[in-house]
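Those sequence lines, one after another, are chains A and B. Position 151 of the first sequence, counting from 1, maps to 151 under the working numbering, and the rest follow consecutively. Position 113 of the second sequence, counting from 1, maps to 322 under the working numbering, and the rest follow consecutively. Even for Gly, the Cβ is constructed at its ideal location relative to N, Cα and C. Okay, structure first, notes after.
Number of protein chains: 2
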Amino acid sequence: MSTPQTAQPPRLSFKAQMHRAREDAIVEAASRLLCEKGFETMTVDEVAAAVGIAKASLYKHFAGKDDLCAAAMAHGMQQLQAFVHGLAPELPALARLQALLHWQLQWQLGHEVTLWLAPRHSALAQALRGCDAYQQAQQSLRATLVEWIEAAQAAGQLRADLPADVALCALLARTAEPMVALLRECGAYDKEQVIGWAVQTCLDGLRSR
Amino acid sequence: MSTPQTAQPPRLSFKAQMHRAREDAIVEAASRLLCEKGFETMTVDEVAAAVGIAKASLYKHFAGKDDLCAAAMAHGMQQLQAFVHGLAPELPALARLQALLHWQLQWQLGHEVTLWLAPRHSALAQALRGCDAYQQAQQSLRATLVEWIEAAQAAGQLRADLPADVALCALLARTAEPMVALLRECGAYDKEQVIGWAVQTCLDGLRSR
DNA sequence: GTCTATACAGAGATAGAC
DNA sequence: GTCTATCTCTGTATAGAC
């Protein structure tokens, strides 16, 4: 090694920094479009146009549409992970679950989209199965949430007759469901009110009675 | 009029019957593929192949992919309507809602798909806005369900602090959510058990406490 | 009304100059 | 690494014979 200290990665050349920055910009644009339009409807041209580069340049960074979108999903998953790990660990488990649900619904309402769960029948689903970054982030997140759920069950806050993974699926499903979007469309309700109702009707179904 | 009795529509020629039968077959095939693969992923060729006719023949019946899929959605909606109207009216309102939820989840699990709610960002959504048959069926269904919900609220079975349309959205969202599919994937649970949990965690969030 | 054959458009991916 | 120009494939829709 030419650098004296091996545990010092930030030594990136300007060129490499530029490279990384552009890659981030591409991923961010892809992530946004993926959310807005879905995998099949969005186009690589749109992503390139949004970033302001030529499509061929994009293909120097990512092997294809699948690869690009998998990276975008992994990015989103890592953001979520960051939020989860940033939650105060001294909060009761139920409060942490509630905060997570609230955050995700708010995100969904702000971005007009469903995060996190890949459409099961999309070509994207298969691409994600081959994306290690995504799979690892998802596994890690699942493990954390199962811990929280079991803690909440042990504390008598969550009904204990449900297996933890069932409760987890119920929770995740709620974050992917169209309730908040539906309500924004058909009724003239306040955003916070809509989210509040969604959180309530979800958690009340899981809470111990 | 050449026919003596005007109130006797079933006088269809054999030709017209064939026409109708083929149209039904097309709609059914389209409905299945729409469910399995989604609007953007399915192709008109597949529909034609499934029915066993040439694609050009299909275009004699329907103006385009949008039109065809709108008809398929309307068909599904009418099936749902039939189920709803067939439910015994002497059952308590909550039991009827529960039966509806159960039926839809079972359907979803059997067909591996989400019925009823059009992906909001799909091209299909716009086509549906222009489809009278679909819109009318949806409106009628909504009205019926709102009645049921209000009845259940009046009977003290459902929490009354939620506006009826909020409760309706919560219910509909549950039928579109991926919980049952998720559970089938990640856990080794029985179908009926999965549906039971889904119904429970949904309704317990809406029930009066 | 049904078929075969084809036109047309869109989008993923690549070639090759700079 | 980035660009312009192009290839190629797929999928919607139609023309025209029967």
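Item, Value
"Host alpha helix (DSSP H) of S31 (chain A) (start-end)", "F14 to K37"
"M251 (chain B) burial status per 10 Å Cβ neighbour count (16 or more: buried)", "buried"
"Beta-bridge pairing of R368 (chain B) - partner residues as DSSP gives them", "R368 (chain B) is not bridged to any residue."
"Closer than 7 Å to chain A by CB, E356 (chain B)", "no"
"Proximity below 7 Å, CB of L350 (chain B) to CB of Q290 (chain B)", "yes"
"Rounded C-alpha distance that separates L306 (chain B) from R416 (chain B)", "12 Å"
"Close-in-space but distant-in-sequence residues of the same chain around A279 (chain B) (CB under 7 Å, 5 per side omitted)", "A336, L337, C340 and Y343"
"Within-7 Å CB hit, H111 (chain A) to chain B", "no"
"Proximity test, Cβ basis, 7 Å: G76 (chain A) and chain B", "no"
"Assigned secondary structure, E401 (chain B) (DSSP; H/G/I helix, E/B strand, else coil)", "helix"
"Bounding residues of the alpha helix (DSSP H) (the contiguous stretch that carries E147 (chain A))", "D132 to A154"
"Proximal chain B residues relative to D165 (chain A), where beta-carbon distance stays under 7 Å", "C395 and G396"
"Sub-7 Å separation of H284 (chain B) and V236 (chain B) beta-carbons", "yes"
"Residues, ordered as in the chain, of the segment 29 to 42 of chain A that lie near chain B by beta-carbon distance below 8 Å", "E36, K37, G38, E40 and T41"
"Beta-carbon proximity check, A223 (chain A) vs L58 (chain A), cutoff 7 Å", "Past the edges of chain A, shown from 1 to 209, lies residue 223 (chain A), and the structure says nothing about it."
"C-alpha distance - M18 (chain A) paired with C35 (chain A), whole-angstrom precision", "26 Å"
"Proximity winner among A:L162, A:L183, A:R184 and A:E147, relative to Q409 (chain B) (alpha-carbon distances)", "A:L162"
"Whole-number beta carbon distance between M388 (chain B) and C210 (chain A), since they are thought to touch under 8 Å", "Residue coverage of chain A in this structure runs from 1 to 209, which leaves residue 210 (chain A) outside it and unanswerable."
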